[in-house]
Every structure is written in structure tokens, then in C-alpha cells.
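Number of protein chains: 2
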Amino acid sequence: MNRDDKQFLQGVGDRVRERRLALKLTQAELGKRAGLHRTFVGSVERGERNVALLSLRKLARVLRVPPAELLTEPDPGA
Amino acid sequence: MNRDDKQFLQGVGDRVRERRLALKLTQAELGKRAGLHRTFVGSVERGERNVALLSLRKLARVLRVPPAELLTEPDPGA
DNA sequence: GTGTAGACTACGGTCGACA
DNA sequence: TTGTCGACCGTAGTCTACA
């Protein structure tokens, strides 16, 4: 778990947070709808978690984006 | 871990296998270069594993594709 | 070259409480 | 509303061995 890895996970966390705020959800709401715990959602957004694919997919569904989008750099023109 | 989940993971496994064969690597070679065990790579390709993001990224690097591409449906025109 | 099986360790993910 | 801490449990991921 080097710096590079952390940056990658932090990027994913940032995508999640952006989408969550855009939908005006709390971490607890997102967690509830995704079937994941509130504290877990928070730690993902902070880039502290090496999320597994199925959990990423659960989040992506609630956020209404394809799972792959949570792994890609944000479009500068967005 | 319902059928839908399995299909999703199987899809990821298929992308990995396609890329690996395209690069003419064995599972053992891919595992070695990615820093993952041979038997683990095999189980991922069979869709049996809920891979974590950092492991997906390790595989993507050796396969020379962005991690997100391993989560997307194959382009029919590819 | 790949699949399977078992045993093992590390960490993904849950949960309750308090700031 | 979010972050943090600690205890807990299931599984991601390693490794050896055999078909």
C-alpha cells in the first residue's frame, strides 16, 4: 500500500463523493440504499479502503453511473 | 453473491483472459508480473473472485489497459 | 498450462458508541 | 452529518500438491 495506491483509491473516493453530493445524499443514505454500512462509505470516500468489485458496483448503482466511471479521471469539461 | 453478481465477475474474468491470451501470456506469467499468485489469477478468470481494486489495477497494468476497461463490456467492433 | 483442494494470514466490511 | 475507535466475521489472496 504505497503512495501511488493511496492516490488511486483516493481518486475513486473522490468520484464517489462528487456523485453522492450531486445527488444530495448523505453517507448514511448512500450506504443504506447500497446495502453498505455508513462508516464504510465514509472510509471509501477518504480513500482508506481497497474496495472489492461487488461493493464498488453497489455504490455505482445508487450513484447511477457505470462502475467503470468510478475508476476514471473526471472529465475536465464536466 | 447471486447470479447477477457472478455474471458481473465472470465478465471481468473474461476481459482478463482475452487480454492475457492476446498478449500470449500464461496465467503463471501474468501472475508473476502482476505480483499475484497463479491460482488466484485462474480463479479470477473463472469469475470466482470478488477482486479488490488494487489487485484489479495490478492485472490491468500487466495487460496494458486502464483498470476501467476490465469492467466494461467488450466493444462489438473490436 | 490449467483447475482444484485445503490450510493459512491479512484485510474487506459490519456494527455500536462518542465526539 | 461525518470521522474515529474497537471488536467482530467472512473472504481476498498465498502457497503446496496433484491431476
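The listed protein sequences derive, respectively, from chains A and B. Per the working numbering, the first sequence starts with residue -11, numbered consecutively. Per the working numbering, the second sequence starts with residue -11, numbered consecutively. We treat Cβ as the ideally placed atom computed from N, Cα and C, and that holds for glycine. Fair warning: this is a prediction, and the values are worked out from it, not measured in the lab.
- [ ] Using a Cβ cut-off of 9 Å (strictly closer), state whether aspartate 63 (chain A) contacts chain B.
- [x] By this cut-off, aspartate 63 (chain A) is not an interface position.
- [ ] Could you tell me which chain A residues have their CB closer than 8 Å to the CB of asparagine -10 (chain B), listed as they occur along the chain?
- [x] Taking a Cβ-Cβ threshold of 8 Å, none of the residues of chain A is close to asparagine -10 (chain B); the smallest such distance is about 10 Å.
Task: Beta-carbon neighbours of phenylalanine -4 (chain A), restricted to chain B and to distances below 7 Å - done: Per Cβ cutoff of 7 Å: Arg45.
- [ ] Let me know the alpha helix (DSSP H) ranges lying completely inside the stretch -5 to 66 of chain A, each 4 residues or longer, listed in chain order.
- [x] The qualifying runs are 15 to 22, 26 to 33, 41 to 51.
TODO: Check each candidate in B:Leu18, B:Val39, B:Ala10 and name the one with the smallest Cα separation from valine 0 (chain B).
DONE: Residue nearest to valine 0 (chain B) within the set B:Leu18, B:Val39, B:Ala10 is B:Val39 (criterion: CA-CA distance).
- [ ] Kindly list, in the order they appear in chain B, the residues whose Cβ is closer than 7 Å to that of alanine 22 (chain A).
- [x] Taking a Cβ-Cβ cut-off of 7 Å, alanine 22 (chain A) has no neighbours in chain B, whose nearest Cβ is about 14 Å from it.
- [ ] Please determine, among B:Arg(-9), B:Glu6, B:Met(-11), B:Thr14, the residue with the shortest C-alpha to C-alpha distance to glutamate 83 (chain B).
- [x] Summary: the structure shown does not reach residue 83 (chain B), with chain B confined to residues -11 through 66, and so no result is reported for it.
Open item on the list: Count Cβ pairs between the stretch 28 to 43 of chain A and the stretch 9 to 26 of chain B that sit closer than 8 Å; are there 3 or more?
Closed with: Too few Cβ pairs lie closer than 8 Å, so no.
Task: Cβ of glutamate 6 (chain B) within 9 Å of any chain A Cβ - done: By this cut-off, glutamate 6 (chain B) is not an interface position.
Open item on the list: Strictly under 9 Å for the Cβ-Cβ distance: is alanine 16 (chain A) near chain B by that measure?
Closed with: It does not: the Cβ of alanine 16 (chain A) has no partner Cβ on chain B nearer than 9 Å.
- [ ] Drop a sphere of 10 angstroms on the beta-carbon of alanine 48 (chain A), count the other beta-carbons inside from all chains shown, and report buried for 16 or more, exposed for fewer.
- [x] Answer is buried; the Cβ neighbour count reaches 16.
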